[in-house]
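**Student:** Per our numbering, the sequence shown starts with residue 12, numbered consecutively.
My questions all concern the structure below.
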Amino acid sequence: MQKFLEQNPALQKFLELNPVSQKFLGRIYNSYQDFIAALNRSGVPDCALWMLKLCRRVVGGTASTRTM
Numbered sequence: 012m013q014k015f016l017e018q019n020p021a022l023q024k025f026l027e028l029n030p031v032s033q034k035f036l037g038r039i040y041n042s043y044q045d046f047i048a049a050l051n052r053s054g055v056p057d058c059a060l061w062m063l064k065l066c067r068r069v070v071g072g073t074a075s076t077r078t079m
C-alpha cells in the first residue's frame, strides 16, 4: 500500500491527518489484495462473485439481508 500512497501525495497527506480513514483504507486495500490472490489461485475470473465477497468483507459480515 505504501507504493500506492507514494503515487498519491494528496491522499497520503489526508490520511496522515485522519488515522480513522487510514485504518479504513488499509482494511479495504488488504481485502482487495486477498480477493485478487484468491481469484488468481482458483482461476475463476468471476467479477460479480469477487465484488460480492469484497462487499461482504468491507461491511463485516454476510450480505444476505443487505441491499446495495
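We put the beta carbon where it would ideally sit given N, CA and C, even for glycine.
Quick caveat, the model's predicted, so the values are computed rather than measured.
Along the chain, which unbroken stretches of the alpha helix (DSSP H) at least 4 residues long are found entirely within the segment 23-71?
**Tutor:** Inside the segment 23-71, DSSP marks whole alpha helix (DSSP H) runs of 4 or more residues at positions 30-53 and 58-70, from first to last along the chain.
**Student:** Cutting at 8 Å between CB atoms, please list the residues of its own chain near L65, excluding the five before and the five after it.
**Tutor:** S42, Y43 and F46
**Student:** In angstroms, rounded to a whole number, what distance separates the CA positions of V31 and R52?
**Tutor:** 32 Å
**Student:** Measuring only the C-alpha atoms, how far is N29 from L22?
**Tutor:** 10 Å
**Student:** Taking only the alpha-carbon atoms, compute the straight-line gap between W61 and L50 and give it to the nearest angstrom.
**Tutor:** 8 Å
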